[in-house]
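Here's the structure, in C-alpha coordinates; my notes come after.
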Amino acid sequence: PHRPAPAIEGIAYFTVSELLQNISKHSGARTARVEMWRSGDRLLVQVRDDGKGGASPDGGSGLTGLAERLEAVDGLFVLDSPPGGPTTVTAELPWRERPVG
270 PHRPAPAIEG IAYFTVSELL QNISKHSGAR TARVEMWRSG DRLLVQVRDD
320 GKGGASPDGG SGLTGLAERL EAVDGLFVLD SPPGGPTTVT AELPWRERPV
370 G
(Lines of atoms letter the chains of each structure in order from A and count residues from 1; the text may use other names and numbers.)
(Lines give C-alpha, C1' and ligand atoms only; values in the text may rest on other atoms or scores of the structure.)
Protein backbone atom coordinates (compact mmCIF):
# COMPACT_ATOMS: atom_id res chain seq x y z
CA PRO A 1 0.00 0.00 0.00
CA HIS A 2 1.07 3.55 -0.71
CA ARG A 3 2.00 5.82 2.17
CA PRO A 4 2.31 9.58 2.18
CA ALA A 5 5.60 11.42 2.53
CA PRO A 6 7.08 11.21 6.05
CA ALA A 7 6.31 14.86 6.84
CA ILE A 8 2.62 14.43 5.96
CA GLU A 9 2.43 11.12 7.83
CA GLY A 10 4.01 12.77 10.87
CA ILE A 11 1.55 15.66 10.84
CA ALA A 12 -1.37 13.22 10.54
CA TYR A 13 -0.03 11.19 13.49
CA PHE A 14 0.52 14.29 15.63
CA THR A 15 -2.96 15.59 14.77
CA VAL A 16 -4.65 12.37 15.90
CA SER A 17 -2.51 12.22 19.04
CA GLU A 18 -3.31 15.81 20.01
CA LEU A 19 -7.03 15.37 19.33
CA LEU A 20 -7.25 12.19 21.41
CA GLN A 21 -5.41 13.91 24.24
CA ASN A 22 -7.89 16.82 24.07
CA ILE A 23 -10.79 14.37 24.16
CA SER A 24 -9.44 12.66 27.28
CA LYS A 25 -8.77 15.96 29.07
CA HIS A 26 -11.71 18.14 28.11
CA SER A 27 -14.67 16.37 26.51
CA GLY A 28 -16.08 13.94 29.04
CA ALA A 29 -16.50 11.51 26.14
CA ARG A 30 -17.08 7.80 26.64
CA THR A 31 -16.02 6.90 23.10
CA ALA A 32 -13.95 8.32 20.28
CA ARG A 33 -13.51 7.18 16.69
CA VAL A 34 -10.62 7.84 14.33
CA GLU A 35 -10.94 7.39 10.57
CA MET A 36 -8.32 8.06 7.93
CA TRP A 37 -8.61 7.74 4.17
CA ARG A 38 -7.18 8.98 0.92
CA SER A 39 -9.35 10.90 -1.50
CA GLY A 40 -7.54 11.79 -4.71
CA ASP A 41 -4.58 13.95 -3.80
CA ARG A 42 -5.74 14.51 -0.19
CA LEU A 43 -5.32 12.58 3.05
CA LEU A 44 -8.34 12.99 5.32
CA VAL A 45 -8.34 12.35 9.05
CA GLN A 46 -11.53 12.50 11.07
CA VAL A 47 -11.80 12.23 14.86
CA ARG A 48 -15.23 12.15 16.48
CA ASP A 49 -16.24 11.85 20.13
CA ASP A 50 -19.48 11.62 22.08
CA GLY A 51 -18.49 14.23 24.65
CA LYS A 52 -20.07 17.47 25.79
CA GLY A 53 -19.12 19.51 22.71
CA GLY A 54 -18.49 23.23 22.76
CA ALA A 55 -14.83 22.89 21.77
CA SER A 56 -13.25 26.08 20.49
CA PRO A 57 -9.83 26.93 19.09
CA ASP A 58 -9.82 29.85 21.56
CA GLY A 59 -9.89 27.62 24.64
CA GLY A 60 -6.16 26.85 24.84
CA SER A 61 -6.85 23.23 23.91
CA GLY A 62 -4.16 23.04 21.26
CA LEU A 63 -6.69 23.33 18.44
CA THR A 64 -5.26 26.65 17.23
CA GLY A 65 -1.80 25.11 16.93
CA LEU A 66 -3.21 22.15 15.02
CA ALA A 67 -5.00 24.42 12.58
CA GLU A 68 -1.82 26.44 12.02
CA ARG A 69 0.28 23.30 11.51
CA LEU A 70 -2.16 22.01 8.89
CA GLU A 71 -2.40 25.36 7.11
CA ALA A 72 1.41 25.50 6.89
CA VAL A 73 1.34 22.51 4.50
CA ASP A 74 -1.75 23.65 2.55
CA GLY A 75 -4.01 21.57 4.76
CA LEU A 76 -7.41 22.31 6.22
CA PHE A 77 -8.82 22.05 9.76
CA VAL A 78 -12.59 21.87 10.31
CA LEU A 79 -14.09 21.78 13.81
CA ASP A 80 -17.77 20.96 14.37
CA SER A 81 -18.54 20.99 18.10
CA PRO A 82 -22.03 22.17 19.03
CA PRO A 83 -22.83 22.49 22.75
CA GLY A 84 -24.00 19.08 23.95
CA GLY A 85 -21.83 17.32 21.34
CA PRO A 86 -20.78 15.39 19.49
CA THR A 87 -17.49 16.90 18.37
CA THR A 88 -16.06 16.09 14.96
CA VAL A 89 -12.71 17.34 13.71
CA THR A 90 -11.75 16.79 10.09
CA ALA A 91 -8.18 17.43 9.00
CA GLU A 92 -7.29 17.46 5.33
CA LEU A 93 -3.68 17.21 4.19
CA PRO A 94 -2.12 17.20 0.74
CA TRP A 95 -1.10 13.70 -0.33
CA ARG A 96 2.57 13.76 -1.19
CA GLU A 97 4.09 10.49 -2.26
CA ARG A 98 6.74 8.90 -0.10
CA PRO A 99 10.10 9.16 -1.89
CA VAL A 100 11.28 5.93 -3.51
CA GLY A 101 14.51 4.44 -2.22
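Per our numbering, residue 270 is the first one in the sequence shown, and the count goes up by one each step. Cβ atoms here follow ideal geometry from the backbone N, Cα and C, with glycine treated the same way.
Restricting attention to beta strand (DSSP E) runs no shorter than 3 residues, the segment 289-324 encloses them at 301-308 and 311-318, ordered along the chain.
Looking from the CA of D319, the closest CA among L312, T357 and W306 belongs to T357. Nearest C-alpha to W306 among E287, K321, T359 and D327: T359. Put simply, the backbone Cα of D343 is about 7 Å away from that of P363. Between R338 and P273 the beta-carbon gap is near 15 Å, outside 8 Å, which marks them as no contact. Residue T284 holds the alpha-carbon nearest to the alpha-carbon of L312 among V369, P355, T284 and S350.
Annotated three-state conformation of D327 is helix, per DSSP. Per DSSP, E366 is not a residue of any beta strand (DSSP E), being assigned neither H nor E. Distances from the alpha-carbon of G322 to those of E278, R299 and A276 put R299 closest. Membership of D349 in the beta strand (DSSP E) is indicated by the continuous run L345 to D349.
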